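So in UniProt numbering, the last spot in the sequence shown is 234, and the numbers never skip.
Glycine included, C-beta positions come from ideal geometry on N, C-alpha and C.
Keep in mind the model is a prediction, meaning the values are calculated, not measured.
Just below is one structure, and these are the notes that go with it.
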Amino acid sequence: LDTLEKWVTEIFSEIPNNGLPKPSFGHLTQPFDTPEFHKLYRVVPIRKVHSLTITWALPPQEQYYRVKPLHYISWLVGHEGKGSVLSFLRKKFWALALYGGNGETGFEQNSTYSIFSISVTLTDEGYKHFYEVWCPAACFSCCFPNVWKDECVPFCLQVAHVVFQYVKMLQRKGPDQRQVIWEEIQKIEANEFHYQEQTDPVDYVENLCENMQLFQKEDFLTGDQLLFEYKPEV
């Protein structure tokens, strides 16, 4: 460690400190508030695969790294057990896989905006039903009985609206009564952090340098992985 410290001092001590604050682009609000963003795009892939990706542009979330609200939402959306979105779509033979989340760095999260995406890998039958007309109102609990009961909302049996209705249900119910889920995520992430495999030293240093631009000093080593505070209002 002493040798490494000596090398770092010798190599980087000549770099001047100009005393300037970290650049921020927070004044560039709503960069996706354009007609081009609010559209459905169809892209013909090279491989024979059907995938539906829904993307939301959100206010910047990097200041909430100790809470990680998008990680909490992606955990609920990506749940594969009984009562989940994927479980329902699989029963309809419409989907093979589903994942959602935010990369927490770079293009997906910065001082201007945050991106949250949900991607569904569709079957051939699911592709036929990914975006259809609305059906009459139905009880949402018939689709997700293991999540929340007696939740009646307008509902349509097609992939896009199933995803939107599930997210809407999470929004209305809120996280106030779901602290046990957040704590479960917190424990799992803590275990993965403590028992993670050793990474390449160069990659580790690069990641650490990036963390130094994003987190408080005490969170340089853990800020990108651990959950620290439960704040349902966030």
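Counted within 10 angstroms of its Cβ, other Cβ atoms place residue i as buried (16 or more) or exposed
i: L208; result: exposed
i: Q109; result: buried
i: K91; result: exposed
i: F164; result: exposed
i: V120; result: buried
i: N191; result: exposed
i: Y195; result: exposed
i: K68; result: buried
i: W7; result: exposed
i: Y204; result: exposed
i: Y166; result: buried
i: L122; result: buried
i: D2; result: exposed
C-beta contact flag for residue i and residue j at 8 Å
i: G100; j: S117; result: yes
i: F215; j: Y65; result: yes
i: F93; j: A57; result: no
Reference residue i; option with closest CA among the options
i: D124; options: Y113, F107 and L89; result: L89
i: K168; options: V77, T9 and F37; result: V77
i: L52; options: S111, R172, V162 and G223; result: V162
i: S24; options: Q225, Q213, E233 and T222; result: Q213
i: F193; options: F32, G223, L1 and V43; result: G223
i: Q63; options: T105, F32, Q158 and E5; result: T105
i: A95; options: T29, E210 and V49; result: V49
i: I185; options: Q171, H79 and R172; result: H79
i: T29; options: E206, E233, P59 and Q171; result: P59
Own chain partners of residue i with C-beta closer than 8 Å, once the 5 adjacent residues on each side are dropped
i: W182; result: Y72, P175, L227 and Y230
i: N102; result: Q61, L70, H71, S74, E108, Q109, S114, I115, F116 and S117
Same chain, Cβ closer than 6 Å to residue i, five either side skipped, listed in chain order
i: G26; result: S111
i: C142; result: With a pLDDT of 44 at C142, under the threshold of 50, the predicted position of this residue should be treated as unreliable, though the coordinate-derived value follows. Within the same chain, C142 has no close Cβ partners at all.
i: I46; result: none
Anticipated Cβ contact below 8 Å, residue i with residue j, distance rounded
i: Y131; j: A160; result: 5 Å
i: Q158; j: E189; result: In fact, because the Cβ distance is near 34 Å, the residues do not count as touching under 8 Å.
Neighbourhood of residue i by C-beta, 7 Å cutoff - its chain only, sequence neighbours within 5 removed
i: Q179; result: Y230
i: S87; result: E80 and G81
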